[in-house]
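The structure under discussion appears below in the form of structure tokens.
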Amino acid sequence: MAGGWANDGAVQEQIDSSIEDAIQRARSQLPRGESLSHCEECAAAIPEARRNAIPGVHLCVACQIAHDKEQARFSGYNRRGSKDSQLR
Numbered sequence: 001m002a003g004g005w006a007n008d009g010a011v012q013e014q015i016d017s018s019i020e021d022a023i024q025r026a027r028s029q030l031p032r033g034e035s036l037s038h039c040e041e042c043a044a045a046i047p048e049a050r051r052n053a054i055p056g057v058h059l060c061v062a063c064q065i066a067h068d069k070e071q072a073r074f075s076g077y078n079r080r081g082s083k084d085s086q087l088r
């Protein structure tokens with residue numbers, strides 16, 4: 001049941017659209033091109049198995065974990081869901 005001027009299924013369409021946007025954003029951040037043999041952050045060797053598994057990889061596992069943690073801190077998503085966090 002839709003309310004006001006919204007069509008039936010409008011909420012689901014909005015959810016689907018949000019998911020598609022998130023998927024596109026994630027795909028745009030995937031590495032591309034030639035993998036590096038050494039990490040661009042710490043110069044450690046990147047194992048061949050990692051280079052084959054992730055085409056275009058530029059970071060070793062340790063640096064990638066640190067990078068991912070840093071990105072998670074500033075994701076822009078309100079995962080707590082409290083009113084206080086929504087007001088910031």
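FYI, the numbering for the sequence shown is 1 to 88, going by full-length UniProt numbering.
Every residue gets a Cβ at the ideal spot worked out from N, C-alpha and C, and that includes glycine.
Within its chain, find whatever has a CB closer than 7 Å to the CB of residue i; leave out the 5 residues flanking it on each side and keep chain order.
| i | result |
| --- | --- |
| A44 | H38, C60 |
| C63 | C39, E41, C42 |
Using alpha carbons as the reference points, say which of the options lies closest to residue i.
| i | options | result |
| --- | --- | --- |
| E41 | E34, I65, E48 | I65 |
| P31 | P55, E13, E70 | P55 |
Taking 9 Å as the threshold (C-beta atoms), are residue j and residue i in contact?
| i | j | result |
| --- | --- | --- |
| V11 | S35 | no |
Just how far apart, CA to CA, sit residue i and residue j?
| i | j | result |
| --- | --- | --- |
| R73 | H67 | 10 Å |
| R51 | R25 | 22 Å |
| D8 | E70 | 40 Å |
| Q29 | A49 | 21 Å |
Suppose the cutoff is 8 Å on Cβ atoms and the five residues either side in sequence are ignored; what does the same chain contact list for residue i look like?
| i | result |
| --- | --- |
| G33 | P55, G56 |
*Within the UniProt zinc finger region "dksA C4-type" (39–63), note down every full alpha helix (DSSP H) run reaching 4 residues or more, in order along the chain.*
With a minimum length of 4 residues, the unbroken runs of alpha helix (DSSP H) contained wholly in the UniProt zinc finger region "dksA C4-type" (39–63) fall at 48–53.
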